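There are 2 protein chains.
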Amino acid sequence: MSQTNITDRLLDEAQRLVQLGGFNGFSYADISKAIGITKPSIHYYFPTKQDLALELLRRYRRQLQNGFEWLNSSTQDPKARLTLYIQFFAGLVKDGRLCLCAALAADAGSLSAQIQLELQGALEDKKTWLAQNLTVLKISEPNRQAALFVATVEGAMLLARAYNDLATYNTICQDLLEHF
Amino acid sequence: MSQTNITDRLLDEAQRLVQLGGFNGFSYADISKAIGITKPSIHYYFPTKQDLALELLRRYRRQLQNGFEWLNSSTQDPKARLTLYIQFFAGLVKDGRLCLCAALAADAGSLSAQIQLELQGALEDKKTWLAQNLTVLKISEPNRQAALFVATVEGAMLLARAYNDLATYNTICQDLLEHF
DNA sequence: TTGACATTTGACCTATTGGTAGGTAAGATA
DNA sequence: TATCTTACCTACCAATAGGTCAAATGTCAA
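Line order of the protein sequences matches chains A and B. Under the working numbering, read the first sequence as residues 2 to 181, first letter to last. Under the working numbering, read the second sequence as residues 2 to 181, first letter to last.
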């Protein structure tokens, strides 16, 4: 991404660590080591770890929006769009990562109410975009089916992570697509 | 469960905490407070936290087997069995918990290889049982569809946890069932 | 060149982490 | 009776957690 912007580098590394080991699975010291900036400097940008998580989600939602816009401009075919959605997350799975939503949802117990709202927002973003494409496909109850779609893809990432196997993700998502 | 057996009480509480906040989201001190036994006493039963996690998964697999046997004896109708499978986990979701598999999969980064194998085993147990019932239903590729089923249910729990809403889980699982 | 502000640091803090050392009372076993 | 084992305990440990603060450094416009 950006080599220059320190905020982004901090967020990149934090996101990586969250996706690999959950919100409680890393510390500011870990980020410090990886980025080469001292621990107090990280506190300068993100006073508390909760601040970090919140900004992580806000940025993630922006990234999602950009991703969806890119997908929309890539093809008009809704079926192809769903496939690209799945391929988008395959990149994460390949690196042994989870979607940020899944990673944070699992640790929701240690997240502030505000963060949980932002997490719900991110999931809503996904459902909304998916529902739009399911509507074009004339699927009945697109909102419900969108929720099913999101759940399955998140679950597929979870299984792929457990098995440490990209094929697990791809196979499940393949079968999911065939239902639509 | 068992009021008497201390090992079980420790595991019960540990499992609760893992399902609520992940493997890194609780400490021996938390269990200590809840059970009323000192921290070193917990180390007496489970020398390290990894030992605890391993036994948690081994017990979980036994519980799953018992559950499946109970489901098998409850009804011969495979469709009804799938419904009961979903209801089984709804109890967890109602308490704001995740399936142990989902909770640990998200924190897989901080789990030993042995534990990850046990985690895979637990997921295999689920897939195997589901595949048996899908076979009876004459579903093609029952193993693949079983993986899809597991992923969706795990994902539904994740979403329900994020939204803190049992209905989210029920709706997704309802729609899942209608695909079979 | 200076002042103002942004950025980064070393030194430090308190609480908690997972874990250990050593001991003790109650049974079981020899 | 002597010894061993189980099931706990108190007291403690080094390391790490998230976080603070005053001082130093960098940047840039007036």
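Just so you know, even glycine gets a beta-carbon here, dropped at the ideal spot from N, CA and C. Computed from a predicted structure; not experimentally measured.
### Message
Contact criterion: CB-CB distance below 7 angstroms. Does residue 164 of chain A meet it with respect to chain B?
### Response
At a cut-off of 7 angstroms between beta carbons, residue 164 of chain A contacts chain B.
### Start-to-end residues for the alpha helix (DSSP H) that takes in residue 70 of chain B
First-last of the alpha helix (DSSP H) with residue 70 of chain B: 50–75.
### Query
Listed in chain order, which residues of the segment 134–157 of chain A have Cβ atoms closer than 9 angstroms to some Cβ of chain B?
Cβ contacts with chain B come from 142, 145, 146, 148, 149, 151, 152, 153, 154, 155, 156, 157.
### Query
Among residues of its own chain, excluding the 5 on either side of residue 150 of chain B, which ones have a beta-carbon nearer than 6 angstroms to its beta-carbon?
Shown here for residue 150 of chain B: same chain residues with a beta carbon closer than 6 angstroms to its own, the five before and five after excluded, namely 131 in chain order.
### Query
At a Cβ cut of 9 angstroms, what residues of the segment 85–119 of chain A count as close to chain B, listed as they run along the chain?
Within the segment 85–119 of chain A, the qualifying residues are 97, 99, 102, 103, 104, 105, 106, 107, 108, 109, 110, 111, 117.
### Task
Please compile the residues from chain A whose C-beta is within a distance smaller than 8 angstroms of the C-beta of residue 32 of chain B.
For residue 32 of chain B, no chain A residue has a C-beta closer than 8 angstroms to its own C-beta; the minimum C-beta separation is roughly 15 angstroms.
### Query
Could you check where the alpha helix (DSSP H) with residue 44 of chain A kicks off and where it finishes?
Judged by DSSP secondary structure, residue 44 of chain A falls within the alpha helix (DSSP H) whose first and last residues are 40–46.
### Query
According to a CB-to-CB cut-off of less than 7 angstroms, which residues of the segment 119–130 of chain A neighbour chain B?
When CB distances to chain B are screened at a threshold of 7 angstroms, the residues of the segment 119–130 of chain A falling below it are 120, 121, 124, in chain order.
### Query
When the cut-off is 7 angstroms and only beta carbons count, does residue 72 of chain B lie next to chain A?
Look at residue 72 of chain B: its C-beta is not under 7 angstroms from any C-beta on chain A.
### Under 8 angstroms from the C-beta of residue 49 of chain A: neighbouring residues of chain B
By Cβ distance, chain B contributes nothing, its closest Cβ being about 17 angstroms from residue 49 of chain A, past 8 angstroms.
### Task
Count the other CB atoms, across all protein chains shown, that sit within 10 Å of the CB of residue 92 of chain B; report buried if there are 16 or more and exposed otherwise.
Exposed: under 16 other Cβ atoms inside 10 Å.
### Query
Looking at the unbroken alpha helix (DSSP H) that takes in residue 102 of chain A, where does it start and where does it end?
Here the alpha helix (DSSP H) through residue 102 of chain A covers 101–107.
### Query
Using a beta-carbon distance cut-off of less than 8 angstroms, what residues from the segment 10–44 of chain B approach chain A?
If the cut-off is 8 angstroms between Cβ atoms, the segment 10–44 of chain B has 21, 22, 23, 24, 25, 26 near chain A.
### Message
Check whether chain B comes within 7 angstroms of residue 58 of chain A, counting only Cβ atoms and requiring the distance to be less than that.
### Response
Residue 58 of chain A does not count as touching chain B.
### Query
When the cut-off is 7 angstroms and only beta carbons count, does residue 3 of chain A lie next to chain B?
For residue 3 of chain A, the pLDDT reaches just 38, beneath the cut-off of 50, and the residue's location in the model is therefore unreliable, leaving the point undetermined.
### Message
Along the chain, where does the alpha helix (DSSP H) containing residue 13 of chain B start, and where does it finish?
### Response
It spans 7–22 - the alpha helix (DSSP H) in which residue 13 of chain B sits, taken as one unbroken run.
### Message
Assuming residue 89 of chain B is part of the alpha helix (DSSP H), what are its boundary residues?
### Response
Going by DSSP, residue 89 of chain B is part of the alpha helix (DSSP H) stretching over 79–95.
### Message
Please list the terminal residues of the continuous alpha helix (DSSP H) segment that includes residue 142 of chain B.
### Response
For residue 142 of chain B, there is no enclosing alpha helix (DSSP H), since its DSSP letter is neither H nor E.
### Task
Leaving aside the five residues before and after residue 55 of chain B along the sequence, list all residues of the same chain whose C-beta is less than 7 angstroms from its C-beta, in chain order.
Within the same chain, residue 55 of chain B has close Cβ partners 115, 116, 119.
#### Entry: Neighbour-count burial assignment, residue 2 of chain A, 16 or more Cβ in a 10 Å radius
Caution is warranted here: a pLDDT of 39 is assigned to residue 2 of chain A, below 50, making its placement in the model unreliable, and the coordinate value is therefore given only provisionally. Burial call: exposed.
### Query
To the nearest angstrom, how far is it from the Cα of residue 167 of chain B to the Cα of residue 90 of chain A?
Near 26 angstroms, if we compare the C-alpha coordinates of residue 90 of chain A and residue 167 of chain B.
### Task
Figure out for me which residue from A:33, A:134, A:32, A:105 has the closest Cα to the Cα of residue 121 of chain A.
Minimum Cα-Cα distance from residue 121 of chain A among the listed residues A:33, A:134, A:32, A:105 corresponds to A:105.
### Spatial neighbours of residue 143 of chain A in its chain, beta-carbon cut-off 6 angstroms, leaving aside the 5 residues before and after
Correct list, in chain order: 132, 135, 136.
### Residue span of the alpha helix (DSSP H) that contains residue 33 of chain A, given as start and end
For residue 33 of chain A, the uninterrupted alpha helix (DSSP H) run begins and ends at 29–36, by DSSP.
### Task
Note down the Cα distance separating residue 152 of chain B from residue 128 of chain A, rounded to an integer number of angstroms.
One C-alpha to the other measures close to 17 angstroms.
### Task
Compute the beta-carbon to beta-carbon distance between residue 100 of chain A and residue 155 of chain A, rounded to the nearest angstrom, for a pair I have assumed lies under 8 angstroms.
Their Cβ separation, rounded to whole angstroms, is 6 angstroms, which keeps residue 100 of chain A and residue 155 of chain A in contact under 8 angstroms.
### Query
If you draw a straight line from the alpha carbon of residue 66 of chain A to that of residue 76 of chain B, how long is it in whole angstroms?
Their Cα atoms are separated by approximately 47 angstroms.
#### Entry: alpha helix (DSSP H) segment containing residue 112 of chain B, residue limits
No alpha helix (DSSP H) holds residue 112 of chain B; DSSP gives it neither H nor E.
### Task
Kindly indicate if chain B contains any beta-carbon less than 7 angstroms away from that of residue 160 of chain A.
At a cut-off of 7 angstroms between C-beta atoms, residue 160 of chain A counts as an interface residue with respect to chain B.
### Query
If you draw a straight line from the alpha carbon of residue 60 of chain A to that of residue 177 of chain B, how long is it in whole angstroms?
C-alpha separation (whole angstroms): 31 angstroms.
### Query
Along chain A, which residues have their Cβ under 7 angstroms away from the Cβ of residue 177 of chain B?
At a C-beta separation below 7 angstroms, residue 177 of chain B has these neighbours in chain A: 149.
### Query
Which class does residue 2 of chain A belong to by DSSP, given the choice of helix, strand or coil?
Unreliable placement is indicated for residue 2 of chain A, whose pLDDT of 39 sits below 50; the coordinate value is still reported in the next sentence. Residue state, collapsed to three classes: coil.
### Query
So, are the CB atoms of residue 159 of chain B and residue 123 of chain A less than 7 angstroms apart?
Contact flag unset, no.
### residue 7 of chain B: contacting residues in chain A (beta-carbon distance under 7 angstroms)
Identification of chain A residues near residue 7 of chain B by a Cβ-Cβ cut-off of 7 angstroms yields none; the smallest Cβ-Cβ distance measures about 25 angstroms.
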